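Encoded as structure tokens, the structure appears first; notes follow it.
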Amino acid sequence: MKKAFYGFVEMGVNAVETFIRLHLLVFYSQKVGITSFWVGVALSISLFWVAAFDPLIGRFSDAWRRRHGTRWHLVIVGAMATAIFLTALYHPPAELTTQHMKWLYLLGRGLLFNTSYALFSIPYTAMVGDVSEDRQERGQLIAWRLVFSLPPSAMMIVSA
């Protein structure tokens, strides 16, 4: 049961991430009115930003676990911050009237969202070592997580 639950969380993580990445492009180009090229540039910059900071967040997560014995605090804080910044992404202020202001808002909130998302997802992924000391069980937990991270079409193939 613990393995299935650990894996099941990954499905939500991947679904949300994929949906947001695709939907933000549509939302900001069609609803907010930024040229889709510039929306793509802002979203790409925020992804490169978090890719550069992932190792630092991983180190921070490891140090946090050594100090506090668990990563749950980071997962919870990261999830709450992610929800806040996601809400902010989908509610740009009406006072943003120029393309430049809207783009800067998207870029800033995108950076904050992706950073908070990494603060949630990196400790969650590393938490497998916190859940079990047994190497074989950790391998099974990772396998469950990877199965749930597959797209639905691939899951049908795995179950066949």
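Per my numbering: the sequence shown = residues 19 to 178.
Built from N, CA and C at the ideal position, the CB exists for glycine as well.
All values derive from a computational prediction rather than experimental measurement.
How would you call residue i, buried or exposed, if buried means at least 16 neighbouring beta carbons within 10 angstroms?
{"i": "residue 161", "result": "exposed"}
{"i": "residue 73", "result": "exposed"}
{"i": "residue 79", "result": "buried"}
{"i": "residue 133", "result": "buried"}
{"i": "residue 174", "result": "At residue 174, the pLDDT of 44 sits below 50, so the modelled position is not reliable; the number obtained from the coordinates is stated separately. The residue in question, residue 174, is exposed, as its Cβ has fewer than 16 Cβ neighbours within 10 Å."}
{"i": "residue 139", "result": "buried"}
{"i": "residue 38", "result": "buried"}
{"i": "residue 163", "result": "buried"}
{"i": "residue 102", "result": "exposed"}
How many angstroms separate the CA atom of residue i from the CA atom of residue j?
{"i": "residue 86", "j": "residue 148", "result": "12 Å"}
{"i": "residue 68", "j": "residue 106", "result": "18 Å"}
{"i": "residue 33", "j": "residue 75", "result": "22 Å"}
{"i": "residue 88", "j": "residue 141", "result": "9 Å"}
{"i": "residue 179", "j": "residue 154", "result": "Nothing about residue 179 can be read from this structure; the chain reaches only from 19 to 178."}
{"i": "residue 22", "j": "residue 93", "result": "18 Å"}
{"i": "residue 49", "j": "residue 128", "result": "17 Å"}
{"i": "residue 118", "j": "residue 152", "result": "53 Å"}
{"i": "residue 70", "j": "residue 112", "result": "32 Å"}
{"i": "residue 144", "j": "residue 97", "result": "15 Å"}
{"i": "residue 36", "j": "residue 57", "result": "16 Å"}
{"i": "residue 90", "j": "residue 99", "result": "14 Å"}
{"i": "residue 66", "j": "residue 59", "result": "10 Å"}
{"i": "residue 84", "j": "residue 110", "result": "39 Å"}
Looking at residue i: is its Cβ nearer than 8 Å to the Cβ of residue j?
{"i": "residue 114", "j": "residue 123", "result": "yes"}
{"i": "residue 45", "j": "residue 135", "result": "no"}
{"i": "residue 63", "j": "residue 104", "result": "no"}
{"i": "residue 159", "j": "residue 150", "result": "yes"}
{"i": "residue 61", "j": "residue 42", "result": "yes"}
{"i": "residue 165", "j": "residue 137", "result": "no"}
Mapping DSSP to helix, strand and coil, what is residue i?
{"i": "residue 77", "result": "helix"}
{"i": "residue 143", "result": "helix"}
{"i": "residue 89", "result": "coil"}
{"i": "residue 151", "result": "coil"}
{"i": "residue 118", "result": "helix"}
{"i": "residue 102", "result": "helix"}
{"i": "residue 53", "result": "coil"}
{"i": "residue 113", "result": "coil"}
{"i": "residue 108", "result": "coil"}
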